[in-house]
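Take the sequence shown: its position 208, counting from 1, is numbered 238 in our numbering, and each next residue is one higher.
I have placed the structure first, in the form of structure tokens, so that the comments after it can refer back to it.
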Amino acid sequence: MHKRHEGQCRILPTTLIPIFPAAEYVPSDRRPLMRNWLLTTEPKPRETYKGLEIHADLGLHDEAAALFQRHVSSGATVLDVGAGTGAFSQRRVDLGYKVTALDEDPAKWKADVPFLVLDIDKGIAASVGRVYDAAVCLEVIEHVENAWQLLRDLYAVVKPGGYLLLSTPNITSFFSRASFMLSGRFHQFDESDLSYGHINPIANFQLEYAAKFIGWQVIEVRGGGTLSVLDTSQLRPVKWMAALTILRLISYVVARGHKRGWCLFFILQKPAA
Numbered sequence: 031m032h033k034r035h036e037g038q039c040r041i042l043p044t045t046l047i048p049i050f051p052a053a054e055y056v057p058s059d060r061r062p063l064m065r066n067w068l069l070t071t072e073p074k075p076r077e078t079y080k081g082l083e084i085h086a087d088l089g090l091h092d093e094a095a096a097l098f099q100r101h102v103s104s105g106a107t108v109l110d111v112g113a114g115t116g117a118f119s120q121r122r123v124d125l126g127y128k129v130t131a132l133d134e135d136p137a138k139w140k141a142d143v144p145f146l147v148l149d150i151d152k153g154i155a156a157s158v159g160r161v162y163d164a165a166v167c168l169e170v171i172e173h174v175e176n177a178w179q180l181l182r183d184l185y186a187v188v189k190p191g192g193y194l195l196l197s198t199p200n201i202t203s204f205f206s207r208a209s210f211m212l213s214g215r216f217h218q219f220d221e222s223d224l225s226y227g228h229i230n231p232i233a234n235f236q237l238e239y240a241a242k243f244i245g246w247q248v249i250e251v252r253g254g255g256t257l258s259v260l261d262t263s264q265l266r267p268v269k270w271m272a273a274l275t276i277l278r279l280i281s282y283v284v285a286r287g288h289k290r291g292w293c294l295f296f297i298l299q300k301p302a303a
């Protein structure tokens with residue numbers, strides 16, 4: 031279901047060293063998994079944290095956890111917007127954060143973490159009724175109709191001096207650029223991706239411009255997740271695969287900007303009062 035956002039909305043390279051507790055990887059079979067920056071030979075396995083399914087790229091929650099901990103101290107109050115099943119919320123609680131989760135559907139909630147139901151008509155601020163030291167919005171902004179309004183809503187629930195960790199698919203990755211040349215579509219925004227709500231591709235420069243306009247300070251932008259230069263995990267027509275492989279290699283070499291990463295992480299800070 032697409033996430034409305036007229037007033038409020040549903041609920042969100044360099045390598046980071048994963049912190050513990052880490053996610054569990056659940057491969058679909060017993061074949062060795064080859065998935066790194068250079069080569070992927072097998073489809074992405076299902077990933078969970080304490081039995082809670084992670085709806086994000088492989089390793090993305092591990093990287094997000096490490097990045098968040100660099101900027102926000104344990105013990106802080108945190109609002110997890112668009113928390114899904116609760117995998118990332120539970121991980122934050124296990125590391126000493128005081129987490130409140132916010133999402134539309136309580137039936138999907140599985141974590142042992144305080145949960146609030148988002149009232150679409152009233153919006154985020156009215157649904158939570160307070161402000162937090164930090165907010166998290168992972169893989170959500172690409173689902174909403176109005177990305178600028180989401181950034182405003184998040185600004186309203188973070189204390190002055192507080193942080194927002196946000197992620198979204200990296201449409202400027204070397205692979206997305208190569209894919210666009212062949213198909214006219216960004217990576218993760220193909221027709222099949224519409225079925226699970228990927229309706230709003232947003233580039234890093236667009237998000238940074240919107241964030242600054244609203245009042246956020248952009249502290250850090252970096253790639254995340256696993257995106258290999260070469261990928262043999264999917265069977266496709268030989269000519270198409272050959273053309274895409276060549277374009278991937280060329281794009282990886284010549285592209286500038288945020289070309290690495292399945293997604294992009296943004297660390298934003300609300301100026302101190």
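Built from N, CA and C at the ideal position, the CB exists for glycine as well.
Small disclaimer: the values here were computed from a predicted structure and weren't measured.
In or out: residue i buried (at least 16 other Cβ within 10 Å) or exposed?
i	result
Glu357	The displayed coordinates of the chain run from 31 to 303. Any statement about residue 357 would go beyond what the structure contains.
Tyr193	buried
Ala303	exposed
Tyr226	exposed
Val284	exposed
Leu237	buried
Lys300	buried
Val123	buried
Could you compute how far the alpha carbon of residue i sits from the alpha carbon of residue j?
i	j	result
Val102	Leu68	32 angstroms
Val143	Gly89	22 angstroms
Leu180	Thr202	21 angstroms
Gly245	Ala156	20 angstroms
Asp223	Phe205	16 angstroms
Ala240	Arg100	24 angstroms
Arg207	Gly214	9 angstroms
Ala95	Met211	34 angstroms
Asp183	Leu279	40 angstroms
His217	Phe98	26 angstroms
Asp110	Val129	7 angstroms
Ala233	Glu169	14 angstroms
Ala272	Phe235	31 angstroms
Ala141	Asp149	20 angstroms
Would you kindly report the start and end of the unbroken beta strand (DSSP E) that includes residue i?
i	result
Ala131	Lys128 to Asp133
Leu180	Note, Leu180: premise wrong, no beta strand (DSSP E); alpha helix (DSSP H) at Ala177 to Ala186.
Ile249	Gln247 to Gly254
Asp124	First-last for Asp124: Ala117 to Asp124, but that is the alpha helix (DSSP H), not the beta strand (DSSP E).
Ile297	Cys293 to Gln299
Ala165	Tyr162 to Leu168
Asp110	Thr107 to Val111
Tyr79	Arg76 to Tyr79
Phe145	Phe145 to Val147
Can you give me the start and stop residues for the alpha helix (DSSP H) that residue i sits inside?
i	result
Phe204	Phe204 to Ser213
Ala141	Ala141 -> no alpha helix (DSSP H), and no H or E assigned at all.
Arg100	Leu90 to His101
Lys242	Asn234 to Ile244
Val158	Ile154 to Val158
Beta-carbon within less than 6 angstroms of residue i's beta-carbon, same chain only, minus the 5 sequence neighbours each way: which residues are those?
i	result
Val147	Pro136
Ala164	Val102, Ala106, Val108, Gly192 and Tyr193
Ser281	Phe204, Arg207 and Ala208
Phe219	His228 and Pro231
Lys74	Leu88
Thr262	Thr71
If you drop the 5 nearest sequence neighbours on each side, which residues of the same chain put their C-beta closer than 7 angstroms to that of residue i?
i	result
Leu196	Leu42, Cys167, Ile171, Phe296 and Leu298
Val161	Val187, Val188 and Lys189
Ile84	Ala53, Glu77, Thr78, His91 and Ala117
Asn200	Ser206, Gly253, His288, Gly291, Trp292, Cys293 and Leu294
Thr275	Leu260
Point to revise | At least three beta-carbon pairs within less than 8 angstroms, the stretch 288-302 to the stretch 244-258 | key: yes
Check your understanding: Would you call the stretch 88-106 and the stretch 188-207 touching, i.e. three or more CB-CB distances under 8 angstroms?
Key -> yes
Review point. Does the stretch 70-81 come close enough to the stretch 115-133 to have 3 or more Cβ pairs within less than 8 angstroms?
Key: yes
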